[in-house]
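Protein chains: 4
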Amino acid sequence: MVRECCIDIICEGCPVLLVIDERRRFIFQARRGAVQGSDKGVLRHDDILGKEYGSRVKLSSGIEAVVLRPRLMDYMERGFRRKTQVIYPKDHGLIIMLLDLKPGMRVLEIGVGSGFTTAVLAQIVGDEGRVYSYEVRKDNIEIAKKNLEKIGLANRVVLKHRDARLGIDEEAIDAAVIDMPDPWAVLHHLYRVLRPSAGAVFFLPAVNQVQRLLLALGLHGGWVGTSVYEVLLRGYEPRGDALRPYTTMIAHTGYLVYARKVHMR
Amino acid sequence: MVRECCIDIICEGCPVLLVIDERRRFIFQARRGAVQGSDKGVLRHDDILGKEYGSRVKLSSGIEAVVLRPRLMDYMERGFRRKTQVIYPKDHGLIIMLLDLKPGMRVLEIGVGSGFTTAVLAQIVGDEGRVYSYEVRKDNIEIAKKNLEKIGLANRVVLKHRDARLGIDEEAIDAAVIDMPDPWAVLHHLYRVLRPSAGAVFFLPAVNQVQRLLLALGLHGGWVGTSVYEVLLRGYEPRGDALRPYTTMIAHTGYLVYARKVHMR
Amino acid sequence: MVRECCIDIICEGCPVLLVIDERRRFIFQARRGAVQGSDKGVLRHDDILGKEYGSRVKLSSGIEAVVLRPRLMDYMERGFRRKTQVIYPKDHGLIIMLLDLKPGMRVLEIGVGSGFTTAVLAQIVGDEGRVYSYEVRKDNIEIAKKNLEKIGLANRVVLKHRDARLGIDEEAIDAAVIDMPDPWAVLHHLYRVLRPSAGAVFFLPAVNQVQRLLLALGLHGGWVGTSVYEVLLRGYEPRGDALRPYTTMIAHTGYLVYARKVHMR
Amino acid sequence: MVRECCIDIICEGCPVLLVIDERRRFIFQARRGAVQGSDKGVLRHDDILGKEYGSRVKLSSGIEAVVLRPRLMDYMERGFRRKTQVIYPKDHGLIIMLLDLKPGMRVLEIGVGSGFTTAVLAQIVGDEGRVYSYEVRKDNIEIAKKNLEKIGLANRVVLKHRDARLGIDEEAIDAAVIDMPDPWAVLHHLYRVLRPSAGAVFFLPAVNQVQRLLLALGLHGGWVGTSVYEVLLRGYEPRGDALRPYTTMIAHTGYLVYARKVHMR
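Chains as they are written, first to last, in this note's numbering: chain A, 6 to 270; chain B, 6 to 270; chain C, 6 to 270; chain D, 6 to 270.
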């Protein structure tokens, strides 16, 4: 578990994002006596303990780098152990908006993967909120647990090694994120545990899954506002004198289907 | 100010989103004796007071509708008074992720517009957080104030009718959103008030502004991680038997430029 | 029928694109004594007869305009009578590349609509090529015929008021464009009349049609290189001092499915 | 030079596209006694000479493959020697439409690269058309020459090892494609040699180049219809039972700027 670190100063145990250049970025916890290696030189942790985040430091090679407080997005890129493809920040952003996520909410998650989406949800709901996360694979649970502990969010998450298709324990859920191949199989359980008017987002890689879910939502009859989205994020080379989009981009992660619970007819 | 309403039940003063069909959506506060009109029939507020959000109701015409708790996104579409083009939810989502927004943060906003971005920031930072919002136009301040009061978020926001180019009062800011035509004019003030390692997102409609900002960030020397993005959101007709993207889409709102404060060389 | 007009000079009967400004564009044939009206003033045809294409002219109001030789794309925007949604130039371009269209080819078209795609095909195959176009609706045939005559391409096209699902007369077809809701219903006929190794492009608005066609192509067994595309065209406001994408764009016309005929197993 | 091959039959010297699977695609000329190797087995050319394009063949390993007539797009992917980044077929398609390319046209090209765009232009203008191609680098000229000979289009192209900024010899040009870093440097020559009303497309990778060209076109005063485009091509995994976009895509090749010559004021 990460200690609550002193606001702006890097202390023993504080998480650090070391940026040497665009490609060389490392995340670690500062530990007296430890070192962080790279092909551009070594950083002695002792050189940054007691310094401010945002400081410039020198590697053993004399090359300059900066130390930053890692954001969730930085963890996603560098610091998370991962087994499966995770939802991307471009999608998380829209999920937050669609579900109207805010502090204090009780959120249900089905399909945890490496726990990155879990972390995003836990960060937003805050200490008074709670995330209930169902996952059928034991190895994913272990990875997610480690990842959440690393960033100090584990206390807001109830990780459950359970198949949500067999039932969901919680009630009065404010919002749900469903990342599983056959979400129609949990639709009745999901409906029961959501508070009326609450929304769910389903993440689905293939068109066929979207179609099947839309049919299931329609047949069920207790959902409104059903919408389907995909988010495309385009990055640019950040050069004022030669601005241009990067040559390649992620063209597809998955489709987002949103729907809200209402009373049955 | 909106009363803290009873969790799931529509009470006097509670905000309501009435959905008759895709095009007919209304947001209002429930008031005993009041009515909500539409070309498809009239809703008597008395018919929904005491009912659950998510209920189905009958209009005077016999047509069925549903009543929902409005999300911020619903307010943006229907309930906000607006004078200028606002940043879209597709952009807000990425802004939240880029800035690692979370409860308790102190956020700076320059350029308030109708207050929608302000509301998004205020919703995420929660009651312990604070949003400091600078705006040069008096009429925008008035509109934003009304909008924020309507959704019960005004107490988390300090609206300032001030030109941030002349100075920023706050300190130890955790994150900033800058929506003004000439952000380079506030760069030095912004740098001073941000906590080290904290990030800022600049929203800019035209390429030329992005280029000029990139040059200014580079010349200043106290920023890293500079990135430029655009977010494209594509919606689909939600029909399982005839799925297809909507014919038209918003192709451009603006570019997002992100950068983080580090120590000067 | 359009006379073969004198290379660069506007003669009696020559097609003219009059551009007053971005929104005021007119296509007509120059006729001695005729006038072209607009809310910005009137153009007397006599004022342009004998002048070069590319000339600047004055309307009755004194406002300046230019006269250009219309391209197919200009006809599509202004000069074509239309009943149904046409495939867009962004799609035509890719179709030309996928089918390797060139002068002298014999092209099959199923689904003529207003004849715009027909015109594109006819323009590329030249005088030695031929386009065979099947269309079930009589009114579409009439419109397409008029449109093709207007631009002088009718002599390269054989318009057939026939249901291609009942059979196709031609043989040794070099390339095919299929724009109908149920292309799987012509697959066997299409296969028979294509030369081996020749390709076909299918235009389909909905995802479900694409899926069904893919299954049909697979079951048939005589096709390779099957690919599915969508083309997104993004326009920018052409201002060097304030470059930005247009706010809205056409997000979807249809999917293009390409496949090539090979011997059956 | 490629012999004019017998319509549908693979003869000595005919170009062949061998497709073993999605990743294993080879282009070669059929030669008695020759072999085409691959890690999946060897193809003896003698096994396909005299057979129809579109035939299924067995490799030495017993694995089945098909032989096709290569399209220009296939050459681009497999058969062309290349030194520089070429314009992509997605862009060529729009270029053909914007310039209204057709048989018999006289087309100017500045910036030849590996000759792929040259080939596209030459294929469309046919035997009565002509492509005049300027290129400053000798090695590009050599590569383009070989590539054009390989596909039998060299006779329609006049390759010029010349700097177009110093002047253009031709006149009465119907259309132009300009792929060079500083197109503003040829604008006056280009204007002079284009027929009035004819169009030019400029291919530019960076935003800054687009801005500078737009300013130059405006200052010159002899151009109308100026437009800026980018083409995004999105491919899908062609599986009816699990349709989804490919994960990555080419997000950027370059911007296309189109303008037409008119009389100076």
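Even glycine gets a Cβ: it sits at the ideal position worked out from N, Cα and C. Note that the structure is a prediction, hence the values are computed from the model and not measured.
Practice task
Tell me whether Glu175 of chain A sits in a helix, a strand or coil according to DSSP, three-state version.
Solution key: Counting from one through the first sequence, the residue named residue 175 of chain A turns up at place 170. DSSP places Glu175 of chain A in the coil class of the three-state scheme, outside both helix and strand.
Exercise for the section: Output yes if chain C places a C-beta closer than 9 angstroms to the C-beta of Met102 of chain B; else output no. Expected result: Along the second sequence, one-based indexing puts residue 102 of chain B at 97. No, Met102 of chain B does not count as interfacial toward chain C.
Problem - DSSP beta-bridge partners of Gln34 of chain C - result: Taking the third sequence and counting its residues from 1, the one referred to as residue 34 of chain C is at position 29. Answer by DSSP bridge pairing, in chain order: C:Pro20.
Practice task
Compute the beta-carbon to beta-carbon distance between Val47 of chain C and Ser65 of chain C, rounded to the nearest angstrom, for a pair I have assumed lies under 8 angstroms.
Solution key: Counting from 1 along the third sequence, the entry for residue 47 of chain C is found at position 42. Counting from 1 along the third sequence, the entry for residue 65 of chain C is found at position 60. About 4 angstroms separates the two Cβ atoms, so the contact holds.
Handout entry: Limits of the unbroken beta strand (DSSP E) element including Tyr263 of chain A
Key = By 1-based counting over the first sequence, the position of residue 263 of chain A is 258. For Tyr263 of chain A, the enclosing beta strand (DSSP E) covers residues 260-266.
Handout entry: Length of the line joining the Cα atoms of Gly67 of chain C and Ile53 of chain C
Key = In the third sequence, the residue the question calls residue 67 of chain C occupies position 62. In the third sequence, the residue the question calls residue 53 of chain C occupies position 48. Each residue's Cα considered, the two are about 15 angstroms apart.
Exercise for the section: Going by DSSP, name the residue or residues bridged to Val206 of chain A. Expected result: Position 201 of the first sequence, counted from the first residue, corresponds to residue 206 of chain A. Beta-bridge pairing links Val206 of chain A to A:Val182, A:Tyr263.
Exercise for the section: Assign Arg217 of chain B to one of three DSSP states: helix, strand, or coil. Expected result: Within the second sequence, residue 217 of chain B is the residue found at index 212, counting from 1. In the structure shown, Arg217 of chain B sits in a helix (DSSP, three-state: H, G or I).
Problem - Test: Val206 of chain D CB closer than 9 angstroms to a CB of chain C - result: Start at 1 with the first residue of the fourth sequence, and residue 206 of chain D comes out as number 201. No - not a single Cβ of chain C is within 9 angstroms of the one on Val206 of chain D.
Practice task
Compute the beta-carbon to beta-carbon distance between Val267 of chain C and Val229 of chain C, rounded to the nearest angstrom, for a pair I have assumed lies under 8 angstroms.
Solution key: Here residue 267 of chain C is taken as the residue at index 262 of the third sequence, counted from 1. Here residue 229 of chain C is taken as the residue at index 224 of the third sequence, counted from 1. 5 angstroms between Cβ atoms; contact.
Handout entry: Cutoff 7 angstroms; reference Arg271 of chain D; Cβ partners in own chain excluding five residues on either side
Key = Residue 271 of chain D is absent from the structure shown; chain D starts at 6 and stops at 270.
Handout entry: Run of the beta strand (DSSP E) containing Ile115 of chain B, from where it starts to where it stops
Key = Numbered from 1 along the second sequence, position 110 holds the residue referred to as residue 115 of chain B. Segment 111-115, the beta strand (DSSP E) holding Ile115 of chain B.
Exercise for the section: Measure from the C-beta of Thr231 of chain C to each C-beta in chain D and report whether the shortest distance is under 9 angstroms. Expected result: To locate residue 231 of chain C, count along the third sequence from 1; it is residue 226. Yes, because at least one Cβ of chain D sits closer than 9 angstroms to the Cβ of Thr231 of chain C.
Problem - Contacting residues, own chain, Cβ-Cβ under 8 angstroms from Leu219 of chain B (five flanking each side not counted) - result: As a position in the second sequence, residue 219 of chain B is number 214, starting the count at 1. The answer, listed in chain order, is Thr231, Val233, Val262.
Exercise for the section: Taking a Cβ distance cut-off of 7 angstroms, strictly less, list which residues of the stretch 212-232 of chain D are near chain A, in chain order. Expected result: So the close ones are Val212, Asn213.
Exercise for the section: Can you give me, in chain order, the residues of the stretch 130-143 of chain A that have a beta carbon less than 7 angstroms from any beta carbon in chain B? Expected result: Within the stretch 130-143 of chain A, the residues whose Cβ lies closer than 7 angstroms to some Cβ of chain B are Gly131, listed in chain order.
Handout entry: Spatial distance of Pro250 of chain C from Phe33 of chain C (CA atoms)
Key = Numbered from 1 along the third sequence, position 245 holds the residue referred to as residue 250 of chain C. Numbered from 1 along the third sequence, position 28 holds the residue referred to as residue 33 of chain C. Answer to the nearest angstrom: the Cα atoms are 31 angstroms apart.
Problem - C-alpha distance - Gly134 of chain A paired with Glu175 of chain B, whole-angstrom precision - result: By 1-based counting over the first sequence, the position of residue 134 of chain A is 129. By 1-based counting over the second sequence, the position of residue 175 of chain B is 170. Taking the straight line joining both Cα atoms gives about 29 angstroms.
Practice task
Closer than 8 angstroms by C-beta to Ala124 of chain C: which residues in its own chain qualify, once you throw out the five before and the five after it? Chain order, please.
Solution key: Counted from its first residue, the third sequence places residue 124 of chain C at position 119. Residues of the same chain with a CB within less than 8 angstroms of the CB of Ala124 of chain C, apart from the 5 flanking positions on each side, are Leu77, Tyr80, Asn152, Leu153, Ile156, Leu158 in chain order.
Practice task
Work out the CA separation of Phe31 of chain A and Lys45 of chain A for me, nearest whole Å.
Solution key: Along the first sequence, read from residue 1 onward, the residue named residue 45 of chain A stands at position 40. Along the first sequence, read from residue 1 onward, the residue named residue 31 of chain A stands at position 26. Roughly 12 angstroms between the two C-alpha positions.
Practice task
With a 10 Å radius around its C-beta and 16 neighbouring C-beta atoms as the bar for buried, classify Arg8 of chain C as buried or exposed.
Solution key: Position 3 of the third sequence, counted from the start, is the residue given in the question as residue 8 of chain C. For Arg8 of chain C, the predicted model reports a pLDDT of 42, less than 50, meaning its position is unreliable; a value from the coordinates is still stated below. Result: exposed.
Exercise for the section: Could you tell me whether the stretch 106-113 of chain C touches the stretch 117-132 of chain D, using the rule of 3 or more Cβ pairs below 8 angstroms? Expected result: When C-beta atoms of the stretch 106-113 of chain C are compared with those of the stretch 117-132 of chain D, three or more pairs fall below 8 angstroms, so the two segments count as touching.
Handout entry: Cβ of Phe33 of chain D within 9 angstroms of any chain C Cβ
Key = Sequence index remark: in the fourth sequence, residue 33 of chain D carries index 28 (1-based). Chain C contact via Cβ: absent.
Practice task
Would you decide whether Ala247 of chain B is buried or exposed? Buried here means 16 or more other CB atoms lie within 10 Å of its CB.
Solution key: Against the second sequence, residue 247 of chain B aligns to sequence position 242. That one is exposed.
Exercise for the section: Using beta-carbon positions only, say whether Val91 of chain B and Gly98 of chain A come within less than 9 angstroms of one another. Expected result: As a working note, residue 91 of chain B is residue 86 in the second sequence. As a working note, residue 98 of chain A is residue 93 in the first sequence. For Val91 of chain B and Gly98 of chain A, no; Cβs fall outside 9 angstroms.
Problem - Boundaries of the beta strand (DSSP E) in which Thr252 of chain D is found, first to last residue - result: As a first step, residue 252 of chain D is located in the fourth sequence; it is residue number 247 there, counting from the start. Bounds of any beta strand (DSSP E) do not take in Thr252 of chain D, whose DSSP letter is neither H nor E.
Problem - Opening and closing residue of the beta strand (DSSP E) in which Arg197 of chain A lies - result: Residue 197 of chain A sits at position 192 when you count from the first residue of the first sequence. Segment 192-198 is the alpha helix (DSSP H) holding Arg197 of chain A; no beta strand (DSSP E) there.
Practice task
Using a Cβ-Cβ cut-off of 9 angstroms, state whether Leu153 of chain C counts as contacting chain D.
Solution key: Indexing the third sequence from 1 puts residue 153 of chain C at position 148. So no, Leu153 of chain C is outside the interface.
Practice task
Tell me, please, which residues DSSP counts as bridged to Tyr4 of chain D.
Solution key: The question about residue 4 of chain D has no answer, for chain D in this structure spans 6 to 270.
Practice task
Using a Cβ-Cβ cut-off of less than 7 angstroms, give me the residues of the stretch 234-260 of chain C that come near chain B, in sequence order.
Solution key: Per Cβ criterion, the list reads Arg239, Asp246, Ala247, Leu248, Arg249, Pro250, Tyr251, Thr252, Thr253, Met254, Ile255, Ala256, His257.
Exercise for the section: Compare the Cα-Cα distances from Asp187 of chain D to each of D:Glu114, D:Ala256, D:Leu209 and report the closest residue. Expected result: In the fourth sequence, counting from the first residue as 1, residue 187 of chain D sits at position 182. Ranking D:Glu114, D:Ala256, D:Leu209 by Cα distance to Asp187 of chain D puts D:Leu209 first.
Practice task
With a floor of 3 residues, list each beta strand (DSSP E) that falls wholly inside the stretch 43-86 of chain A, ordered by position along the chain.
Solution key: 61-63, 69-73, all fully within the stretch 43-86 of chain A.
Problem - Unbroken beta strand (DSSP E) run spanning Leu237 of chain A, endpoints - result: Residue mapping note: residue 237 of chain A aligns to position 232 of the first sequence, counting from 1. Taken as a continuous stretch (DSSP letters only), the beta strand (DSSP E) holding Leu237 of chain A covers 228-242.
Handout entry: C-beta contact flag for Ala221 of chain C and Leu199 of chain C at 9 angstroms
Key = Along the third sequence, read from residue 1 onward, the residue named residue 221 of chain C stands at position 216. Along the third sequence, read from residue 1 onward, the residue named residue 199 of chain C stands at position 194. Contact flag unset, no.
Practice task
With a threshold of 16 other CB atoms inside 10 Å of the CB of Ala177 of chain C, please say whether the residue is buried or exposed.
Solution key: By one-based count along the third sequence, residue 177 of chain C stands at place 172. Burial call: exposed.
Exercise for the section: Assign Val212 of chain C to one of three DSSP states: helix, strand, or coil. Expected result: The sequence position of residue 212 of chain C within the third sequence is 207, counting from 1. Assignment of Val212 of chain C by DSSP, reduced to helix, strand and coil, places it in the helix class.
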